[in-house]
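Undergrad: Dropping a structure here in structure tokens format, bear with me for questions.
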Amino acid sequence: MLVRDRHGSVTHIDAQALVDVAARLDAVITVDVQAGQFATSGQHVARVWGRTQVEEADPKRIRRLIWLGGERQLHQYVGFGLRQLVDIAERALSPGISDPTTAVQVIDEIHRILRELVVRKTPSPYVADPDGRVRVVHQPQAIDGLIDLGVREIAHYGSDSPRVLARLTEMLTDLSGCALNRYGSTLDGLSGERARVDLIAGRLPRPRARES
Numbered sequence: 006m007l008v009r010d011r012h013g014s015v016t017h018i019d020a021q022a023l024v025d026v027a028a029r030l031d032a033v034i035t036v037d038v039q040a041g042q043f044a045t046s047g048q049h050v051a052r053v054w055g056r057t058q059v060e061e062a063d064p065k066r067i068r069r070l071i072w073l074g075g076e077r078q079l080h081q082y083v084g085f086g087l088r089q090l091v092d093i094a095e096r097a098l099s100p101g102i103s104d105p106t107t108a109v110q111v112i113d114e115i116h117r118i119l120r121e122l123v124v125r126k127t128p129s130p131y132v133a134d135p136d137g138r139v140r141v142v143h144q145p146q147a148i149d150g151l152i153d154l155g156v157r158e159i160a161h162y163g164s165d166s167p168r169v170l171a172r173l174t175e176m177l178t179d180l181s182g183c184a185l186n187r188y189g190s191t192l193d194g195l196s197g198e199r200a201r202v203d204l205i206a207g208r209l210p211r212p213r214a215r216e217s
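Have a look at this one:
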């Protein structure tokens, strides 16, 4: 096990350089942290699997390939940028502010980001050497989770705003039409959220009360 000797946010994981290290050791390196995650001093960040002893694995070099910074970087962790946008929308929709215009503008940005993501494949967690042997197992950002992040909370906090609900419905409809098939289950899972949005916005008939 390899631990950090300081704390900070993981800003970059050099998977290819880790592959080179693992191939030289004839081992497999598993990375226990994800880009954007906060790592504390003493926390496990990677493990070396094989006959190699930890000392032989050059733990300092491996730790240097998992970069830490004082702040999360948007270009390395899309989820952090989405989280910030969602937080802005939620603050705009809070009772004390009630600014649906800002929330709709935030959804515009989220729509732009998600539209680029849903036509891409989530990177494989397995990285192989030139001979095809898996050398590194890491935790890439899952696009399914990013889709959910960009939709669900705003739908909840914006349930009283027809403008916000209409914009969310528009975004979800567009994403469903252009996304790769692999994201179908995620978007289908949000269909219940979209139906609720449509219901509140008056686009679907309300279910009749059951007769006693």
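Residue numbers for the sequence shown follow my numbering, beginning at 6 and rising by one. A virtual CB, placed ideally from N, CA and C, is assigned to each residue, including glycine.
#1: Taking 8 angstroms as the cut-off, does the segment 149-166 touch the segment 92-108 (at least 3 CB pairs, one atom from each stretch)?
#2: How is TYR188 classed by DSSP in three states: helix, strand or coil?
#3: Quick one: complete alpha helix (DSSP H) runs, 4+ long, within the segment 52-123?
#4: First and last residue of the alpha helix (DSSP H) that includes THR127?
#5: Give a yes or no on whether 9 angstroms exceeds the smallest Cβ distance from VAL53 to chain D.
#6: Does the beta-carbon distance from LEU188 to GLN146 come in below 9 angstroms?
#7: Using CA atoms only, rank isn't needed, just tell me which of ARG120, ARG125, GLY137 and ASP134 is closest to GLU175.
#8: List the endpoints of the continuous beta strand (DSSP E) containing SER14.
#9: Are there 16 or more other CB atoms within 10 angstroms of the CB of ARG215, so buried, or fewer, so exposed?
#10: What whole-angstrom Cβ distance do VAL36 and ILE18 have, given they're in contact under 8 angstroms?
#11: Can you tell me whether ALA44 is helix, strand or coil according to DSSP?
#12: For the putative contact between ILE67 and VAL26, defined by C-beta atoms under 8 angstroms, what is the C-beta separation to the nearest angstrom?
#13: Answer with buried or exposed for ARG140, where buried requires no fewer than 16 other C-beta atoms within 10 angstroms of its C-beta.
#14: DSSP beta-bridge partners for VAL139?
#15: Please report how far the alpha carbon of LEU170 lies from the alpha carbon of GLN89, in whole angstroms.
#16: Could you give the first and the last residue of the continuous alpha helix (DSSP H) run that contains VAL169?
#17: Do you know how far the Cα of LEU185 is from the Cα of VAL124?
#18: For GLY150, count the other beta carbons within 10 Å of its own beta carbon; 16 or more makes it buried, fewer makes it exposed. Which is it?
#19: Can you tell me which of the three DSSP states PRO212 falls into?
#20: Judging by CA-CA distance, which residue of VAL156, ILE71, PRO167 and SER166 is the nearest neighbour of SER5?
#21: According to DSSP, which residues form a beta bridge with VAL36?
TA: By the coordinates alone:
#1: yes
#2: helix
#3: 64-69, 83-97 and 105-122
#4: It is not in any alpha helix (DSSP H) - THR127 carries neither H nor E in the DSSP assignment.
#5: Annotation note: the requested chain D is absent from the structure, which comprises a single protein chain.
#6: Rather than Leu, the amino acid found at residue 188 in this sequence is Tyr. Contact: no.
#7: ARG120
#8: 13-18
#9: Caution applies to ARG215, whose pLDDT of 37 falls short of 50 and renders its modelled position unreliable; the model cannot decide the point.
#10: 6 angstroms
#11: strand
#12: 6 angstroms
#13: buried
#14: ALA133
#15: 20 angstroms
#16: 167-183
#17: 5 angstroms
#18: exposed
#19: At PRO212 the pLDDT is 38, less than 50, meaning the model places this residue with poor confidence; the figure from the coordinates comes in the next sentence. Note: PRO212 maps to coil in three-state DSSP.
#20: Residue 5 is absent from the structure shown; the chain starts at 6 and stops at 217.
#21: ALA51
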